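One line per chain: the protein sequences are A and B, in this order. When we follow numbering that gives the first Met the number 0, the leftmost residue of the first sequence carries the number 0, and every step to the right adds one. When we follow numbering that gives the first Met the number 0, the leftmost residue of the second sequence carries the number 0, and every step to the right adds one. Just so it is clear, CB atoms sit at the ideal spot from N, CA and C, and this is done for glycine as well. Only a predicted model underlies this, so the values are computations on that prediction, with no experimental measurement involved. Here is the structure we will look at.
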Amino acid sequence: MNVTEYIASGILESYVMGAVSDQERREVDCLSSIYPEIKQELDQLSASLENYALLHSIEPPPQLKASLLEKLNFDEQKDRPETIVRPMPVEPTSGPTFQVTWIAAAAVGLVLLAFSFFLVSRLYNEQQTLSSLRSANSTLQTELRQLRDRQQRDEQTLALLRQPGTRTLELRGNEKAPNGDILLYWNPQSRQVAVEVRSLPPLQPDQQYQLWSLVNGKPIDAGVFDGGNAAPFLQRLNRPIGQADAFAVTVEKRGGSPTPTLSTLLAMTPVKS
Amino acid sequence: MVSESVLIEKLTQRDQRAFHWLYDQYSPALYGVVLRIVRDEEQAQDLLQDIFIKIWKNLDAYDAQKGRLFTWMLNVARNTAIDALRSRKTQPTSAIRTDEENVHIVDRQYNTEQPNPEHIGVKEVVSQLRPERRELIDLVYFNGYTHEEAAEALNMPLGTVKTRIRAALQELKQLFKS
């Protein structure tokens, strides 16, 4: 603020003359308490007017003083309580209440905000836990299924092996299937045959493996079975085999052939009695 | 000479001697101002009593930070007298003064002006003030005219009134400095 300009504006002169609005009066009061230059100018102007007023001094009648003192003493006793009792200012009390209300509202708002953040983070955590639980659950289910399958296989194998007289034969692949390996479970009394494919090369979709039992040099159809990973662990063959000197495996068309194709012979093993 | 701060302290303690001193010291100045405003001796005397009662009762309202005690008292006196003058003017029963009467009142007022030994140089100082500036000061300060009212009464632009008030007070300031 330019103090010099403000002083030169003439508002201070109007102020001391009592010719300013209430707003201007407050402005001058405020500024004069801040700027010593304004205060000084105001004091000088006031002093000038005081002197000007003094110039017009007229002695009041002497009896006026006595009368005034009488009134004052009288008034003092009667009116003093009245002058002392003043209505309580309203603003200061309403101010703090207003502030307290705002502070309380802001506090409640903050608490709510914090609480909702807490809830959202909780929700996020719960969702994460839920999804990890879900994946763990599906893993467990997969493992359970695998275990169940294996158990079923083992039970089948065991059931077959438990039967008295069941024999276990291993058929190893020849040069056409160097890694070929089949376990054969055969019970001559119940005439049941089952194969467990440990390893066989995969076939065309229209092909299957066929087991043959050889009795007195004659091949007898002992049933078809599948190789590869999709094949069940233990495959029961539905041909009753009571006798066999040897077993052989060939590759035939799906469903099996009445006579073995010798060129596709993969494995053969004799049955030792 | 009692210093103003001591005087104020004694006054707020309701020291009657301080009040006596205050009255003796300032009643002529306040009476002069009030008489100049209302131009009626009887009313001026009643008002002067009211003014001193007001001052005595409202001493708590006086703020030494905001201005000098005498200035404050002058303002109390001026406002009280101007209010009285205005309420008298708005009273429907009051007779409208003719110019003749005004002249008479002014004459009487000037006649009652007694030679004050303390302020012998009154006429000299005032005579140094330019008449149009003095007129303006008297209108605003003694008659409580607003800038607008003064502009209308003196038939001059508002801006000129403001400028002249400043010039008049600056001149007054210089006069009392020397």
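Problem set entry | Selection of the segment 56-69 of chain A by Cβ proximity to chain B, strictly under 7 Å | Ser56, Ile57, Glu58, Pro59, Pro60, Leu63, Lys64, Ser66, Leu67
Problem set entry | Positions along the segment 61-83 of chain B whose CB lies within less than 8 Å of some CB in chain A | Gln64, Lys65, Gly66, Arg67, Phe69, Thr70, Leu73, Asn74, Arg77, Asn78
Problem set entry | For Pro60 (chain A), the nearest candidate out of B:Ala76, B:Val139, B:Gln48, B:Lys176 (CA to CA) | B:Gln48
Exercise. By a C-beta neighbour count over all protein chains shown, 10 Å radius and 16 as the cutoff for buried, is Phe97 (chain A) buried or exposed?
Worked result: exposed
Exercise. Comparing alpha-carbon positions, which option in A:Leu139, A:Leu41, A:Val194 lies nearest Asn186 (chain A)?
Worked result: A:Val194
Exercise. Secondary structure at Arg13 (chain B), three-state DSSP: helix, strand or coil?
Worked result: coil
For this session: May I ask which residues mark the beginning and end of the alpha helix (DSSP H) holding Val160 (chain B)?
Result: 157-176
Problem set entry | Test: Thr3 (chain A) CB closer than 9 Å to a CB of chain B | no
Exercise. Does the distance from the C-beta atom of Pro27 (chain B) to that of Glu58 (chain A) stay below 9 Å?
Worked result: yes
For this session: Would you decide whether Ile10 (chain A) is buried or exposed? Buried here means 16 or more other CB atoms lie within 10 Å of its CB.
Result: buried
Exercise. Is any beta-carbon of chain B found at less than 9 Å from that of Asp21 (chain A)?
Worked result: no
Exercise. When burial is assigned at 16 or more other CB atoms within 10 Å of the CB, is Tyr123 (chain A) buried or exposed?
Worked result: exposed
For this session: Answer with buried or exposed for Thr111 (chain B), where buried requires no fewer than 16 other C-beta atoms within 10 angstroms of its C-beta.
Result: Caution is warranted here: a pLDDT of 42 is assigned to Thr111 (chain B), below 50, making its placement in the model unreliable, and no coordinate value can be reported.
Exercise. Among B:Glu3, B:Gln24, B:Gln127, B:Glu40, which has the Cα closest to the Cα of Phe175 (chain B)?
Worked result: B:Gln127
Problem set entry | Where Ala152 (chain B) meets chain A, residues with beta-carbon distance less than 9 Å | Those within 9 Å of Ala152 (chain B) in chain A number zero; the least Cβ separation is about 13 Å.
Exercise. Among the residues of its own chain, which have a CB less than 8 Å from the CB of Glu117 (chain B), if the five just before and after it don't count?
Worked result: Low confidence applies here, because Glu117 (chain B) scores a pLDDT of 44, under 50, leaving its location unreliable; read the following figure in that light. Excluding positions up to five away in sequence, the list is empty.
Problem set entry | Members of the segment 41-52 of chain A near chain B, C-beta cut-off 9 Å | Leu41, Asp42, Gln43, Leu44, Ser45, Ala46, Ser47, Leu48, Glu49, Asn50, Tyr51, Ala52
Exercise. Can you tell me where the beta strand (DSSP E) with Thr249 (chain A) in it begins and where it stops?
Worked result: 245-252
Exercise. Taking a cut of 7 Å between CB atoms, which residues from the segment 164-175 of chain B lie near chain A?
Worked result: Ile164, Arg165, Leu168, Leu171, Lys172, Phe175
Problem set entry | Cutoff 6 Å; reference Ile52 (chain B); Cβ partners in own chain excluding five residues on either side | none
Exercise. In chain A, what lies closer than 8 Å to Ser4 (chain B) by C-beta?
Worked result: Simply none; closest approach about 15 Å.
Problem set entry | Positions along the segment 20-32 of chain B whose CB lies within less than 7 Å of some CB in chain A | Tyr22, Ser26, Pro27, Ala28, Tyr30, Gly31, Val32
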